[in-house]
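The block underneath contains the structure these notes are about, expressed in structure tokens.
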Amino acid sequence: MRSQVLLTGAVILSAVGLAAQQPMKDPDHTVAGGGTFPAGWHVRTERNAPTANVKFVAMGDGFHTTQGPAAIMWRDQDTASGNYHTVATFTQTKAPMHPEAYGIIVGGKNLDGDAQSYTYLIVRGTGEFSIWRRAGFANKPTAVVPWTANPAVNKADANGKATNELAVQFTGGKASFTVNGKEVYSTEASNVDASGIIGYRVNHNLDVHLSALGIHHLK
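If you're matching positions, the sequence shown starts at 71 in this note's numbering and goes up one per residue.
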């Protein structure tokens with residue numbers, strides 16, 4: 071009997087230890103005043119979570135978003151193809167419970183449909199960046215570049231605040247991804263989504279100020 075008790079205790083301790091190693095995912099926040107967006111803008115959440123918990127509003131020369139669920143934001147007219155450069159500045163204003171990311175999407179198509187596709191460059195307060203491709207709304211994105219530490223990414227301060235400028239440029243069949251003016255990755259344009267809608271992506275439970283998108287068509 072004693073050996074059985076000891077074994078049961080060991081199993082319990084092992085289970086507790088495994089649970090402690092697993093990241094705790096905080097649920098999407100409830101956001102007051104969400105669900106109504108600036109004219110011409112679309113918002114689509116992950117897993118079709120309620121857009122009522124996304125507060126995306128015009129503020130100053132840009133926008134401010136308070137997230138419950140992760141979402142993308144875009145206007146249909148913000149499109150580019152061929153040679154172009156797009157840039158936006160993001161300021162995370164508060165520390166999330168866990169590192170969460172924000173950034174810019176390019177090459178968006180069918181963003182409101184099941185065949186949604188786009189490529190996105192994102193950063194998070196731990197000083198890392200990553201690049202992902204989305205192909206199908208129901209599918210998980212695939213990593214072009216998994217989470218990678220880079221000194222170009224400004225880390226969040228003690229209050230959780232950080233400002234980062236993200237940009238993507240397509241020229242001569244090449245794609246260049248930069249953070250705060252420094253290239254963090256380059257590849258053939260054919261390896262990512264190049265032509266289509268440009269917009270923002272902000273992950274869940276973040277509070278972020280967004281500059282207006284700069285879209286510059288190049289010769």
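Even for Gly, the Cβ is constructed at its ideal location relative to N, Cα and C.
- Between L276 and Q137, the gap from beta carbon to beta carbon is short of 8 Å.
- If you check the CB distance, A226 and G195 come in under 8 Å.
- Cβ neighbours of A282 within its own chain (closer than 8 Å, five residues either side excluded): D131, G132, F133, A158.
- Looking at the backbone, the Cα of A208 and that of G105 are separated by about 22 Å.
- For S246, the secondary structure class from DSSP, reduced to helix, strand or coil, is strand.
- DSSP, read as helix, strand or coil, puts S260 in helix.
- Between the beta-carbon of V262 and that of V214 there is about 6 Å, and that keeps the pair under the 8 Å contact cut.
- Out of A245, D148, G269, G197, the CA that lies nearest to the CA of N234 is found in G197.
- Only buried fits M143, as 16 or more other CB atoms lie within 10 angstroms of its CB.
- In the three-state reduction of the DSSP assignment, N234 falls in the strand class.
- The beta carbon of N180 sits closer than 8 Å to those of Q186, S187, all from its chain and outside the five residues before and after it, given in chain order.
- If you draw a straight line from the Cα of I267 to the Cα of D96, it is about 31 Å long.
- For S256, the closest of G243, S265, P169 by C-alpha to C-alpha distance is G243.
- Straight through space, the alpha carbons of A109 and A219 are spaced by roughly 37 Å.
- The beta carbon of I174 is closer than 6 Å to those of A158, L191, L236 in its chain, skipping five residues each way along the sequence.
- The three-state secondary structure of T100, taken from DSSP, is coil.
- H155 is the residue among V127, P139, V113, H155 whose C-alpha sits nearest the C-alpha of L288.
- Apart from the 5 residues on each side of it in sequence, T212 sits with its Cβ closer than 6 Å to the Cβ of R203 in its chain, given in chain order.
- Non-local C-beta neighbours of R114 in its own chain, meaning closer than 7 Å and more than five positions away in sequence, comprise A141, I142, L181, D182, ordered along the chain.
- Beyond the five residues adjoining it in sequence on each side, T161 comes within less than 6 Å, by CB distance, of T233, H279 in the same chain, given in chain order.
- Rounded to whole angstroms, the gap between the alpha carbons of A102 and G269 is 24 Å.
- By alpha-carbon distance to T149, the top candidate from H274, S265, V272, R271 is S265.
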